[in-house]
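Reading through the structure tokens given below for one structure.
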Amino acid sequence: MKRELSWKKLLPSPQTLSFVGLMLLCLLVFGLLKPAYATLDNLYSIVLSACLSAVLAAGMGVVISAGGFDLCIGHTAGFAALMCGYFLRTAGMDPYPSILLALACALAIGAVNGFLVAWMGISSFIVTLGMQFVLVGVRQWITAGNSYRSGNTIKALAQGNALGISNLILISALVLALVGFIMQKTSFGRRMQFTGSNIIASDYIGIPVRRYTFLAFLLSGAIAGVVGILQFGKLTSATINMGDGWLFNAMTIAVFSGVIFGRFKGHGIALVALLITMITTGINMLGVSSAWTNFVLGLILLLSLFAGKYVQLTHVHLRKGRTSHGREKTV
């Protein structure tokens, strides 16, 4: 009996199989409409593009699991990339100290957000929206609108490979696996998710809600910093508008994966990121207006929110039905 159960755990879930089916359908449809879509080079490019989207969505997913939103996560990543370039080029520092200081900047942003939300009691929506505008101003002030080249070391970090596999894929997989393990397999992660699902109950049973909220934003900042550094190396330059437009993609992936796969699943985030990247790449390759890409992403986000609310209401209805049925039996 135990062996059967262990084997069942190894089998892919229906959600995973359905997503694999959707990806194969995308490959078939877009491949027929645009043969260049189905080439190995293009598919490899899609995977690389999906990597950083998935990691950034993981940072968003952590905050959502704790009951908040991080609307400045994209700007935090872009700011980390710009600061890395600033330390590297303007301050004349070596690559690795520049990377560490840039990550420290991202952590500081997460810490400020976490403090204002957790200990000052301000809405995460208001705090992170305000921080977004702060970062836009600060990056203009510090860099004076300059762009920075990454140099060979940071470029190799993102564009290099180990055992024939891109560093970008390896680092992204490692981050997703690590964050997924923390959120699913440790008491820290489970408490954080419980805090997000029911703050009042968490506080009642003695879980330090403020601490977990603060740590969620801190972790989100760290993840955003990693994404910023990798994107800096991938593009080989950091520009003043880096990070603009990253929020919407990260939120769509995080919300969609949360609805389909549960509160936080690393493989779910990866699959959703890959599917969305396949769809947007296919639309772009067909030469359709970019407005359609935004339309599709917006539609996916709205459907995800609708599905999540529907599932929540269904669970509440079923619980009420079971409770009333139990009372009837007692009578």
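Numbering (our numbering), first residue to last: 497 to 827. Backbone N, C-alpha and C fix where the C-beta goes; we use that ideal spot for every residue, glycine too.
Our two residues, A697 and T709, have alpha carbons roughly 15 angstroms apart in a direct line. In chain order, L666 place their CB closer than 8 angstroms to the CB of A658, counting only its own chain and leaving out the 5 sequence neighbours on each side. Taking the Cα positions, L552 is about 6 angstroms away from V723. Selection I749, L767 and A787 evaluated against M519 yields L767 as nearest (Cα-Cα). I661 has A658 as its beta-bridge partners, per DSSP. Positions of the beta strand (DSSP E) runs, each at least 3 residues long and wholly inside the stretch 508-542, cannot be given because no such run exists. Its chain contains I542, S545, A546 and S549 as the residues whose beta carbon lies nearer than 7 angstroms to that of T773, once the 5 sequence neighbours on both sides are disregarded; these appear in chain order.
Non-local beta-carbon contacts of I695 in its own chain, meaning distances under 7 angstroms to residues more than five positions away in sequence, involve G563 and V705 in chain order. A contact between stretches requires three or more CB pairs, one per stretch, nearer than 8 angstroms, and the stretch 524-540 meets this requirement with the stretch 769-784.
One alpha carbon belongs to G741, the other to G570, and they sit about 7 angstroms apart.
Within the same chain, F575, L578 and I736 come within 7 angstroms of R635 by CB-CB distance, once the 5 residues on both sides are set aside. If one requires a minimum length of 4 residues, the alpha helix (DSSP H) runs lying completely within the stretch 644-726 are 647-655, 663-681, 683-693 and 695-700, in chain order. Counting along the chain, the unbroken alpha helix (DSSP H) around S594 starts and ends at P591 to A614. The C-alpha of L513 lies about 49 angstroms from the C-alpha of W637.
Secondary structure of A734 (DSSP, three-state): strand. The C-alpha of G517 lies about 19 angstroms from the C-alpha of V792. Sorting G702, M679, L584 and P593 by C-alpha distance to the C-alpha of T732 places L584 at the top. Residue environment: F802 is assigned as exposed (fewer than 16 neighbouring CB atoms within 10 Å of its CB, all protein chains considered). In the assembly as shown, G739 is a buried residue. Its beta-carbon has 16 or more other beta-carbons within 10 Å. F684 and A573 have their C-alpha atoms spaced approximately 25 angstroms apart.
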